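Novice:
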Amino acid sequence: MFVFEQTQAFTHWLLSLKDPQGKTRVLARIRAAQLGRFGDCEPVGEGVYEMRIHRGPGYRGYFSRRGTVIYLLLIGGDKRTQRRDIQRARQLAHDLKSEG
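In structure tokens, the structure reads:
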């Protein structure tokens, strides 16, 4: 079983989702990933991965790996904000790695 931790940015994004079915889908994808079923995920560079959730506007969760079983959910977004979200996720992963 994998452990997923959330940054404040990811938690804020998740809590701000107004689509209850979309929020449910995002949480279901995280639970599946905890069990090793990552589904539609792709690397986007610099150790950051994009988890695609095919619901609503095309939700995305960005995460990085810490150790062998811990993943850190960096930020969330959707298809419309994808480019900006990838840049933010990469920067956040870099900053967190620098902090130790």
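Under the working numbering, the first residue of the sequence shown is numbered 474, with each subsequent residue one higher.
Where is the CB? At the ideal position from N, CA and C, for every residue including glycine.
Note that the structure is predicted; figures quoted are calculated from it, not measured.
Can you tell me the Cα-Cα spacing of F475 and L500, whole angstroms?
Specialist: Distance between the alpha carbons of F475 and L500 is about 15 Å.
Novice: Can you give the beta carbon distance from A566 to G520, rounded, assuming they're within the 8 Å contact cut?
Specialist: That pair is a contact at about 6 Å.
Novice: Run the CB neighbour count on S537, radius 10 Å, all protein chains shown included, and call it buried at 16 or more, exposed below.
Specialist: The residue is buried, with at least 16 neighbouring Cβ atoms inside 10 Å.
Novice: My guess is that I526 and A482 are in contact by the Cβ rule of under 8 Å, so how many angstroms apart are they, rounded?
Specialist: With a Cβ gap of about 17 Å, I526 and A482 do not count as contacting.
Novice: What first and last residue would you give for the beta strand (DSSP E) that runs through A508?
Specialist: Per the sequence presented here, residue 508 reads as Leu, with Ala not at that position. Neither: L508 is in no beta strand (DSSP E) and is coded neither H nor E.
Novice: Whole angstroms are fine: how far does the CA of R539 sit from the CA of L488?
Specialist: If I take the Cα positions, the gap works out to 24 Å.
Novice: Suppose only complete runs of 3+ residues qualify. What are the beta strand (DSSP E) ranges in the segment 475–530, listed by chain order?
Specialist: Correct list: 476–479, 514–518 and 521–526.
Novice: Kindly list the residues whose CB is nearer than 7 Å to the CB of P518, restricted to its own chain and excluding five residues on each side of it in sequence; keep chain order.
Specialist: Per the sequence presented here, residue 518 reads as Gly, with Pro not at that position. The residues are R563.
Novice: In whole angstroms, what separates the C-alpha of G491 from that of E572?
Specialist: A small correction: the amino acid at residue 491 is Lys; Gly does not occupy that position in the sequence shown. Cα to Cα, K491 sits roughly 33 Å from E572.
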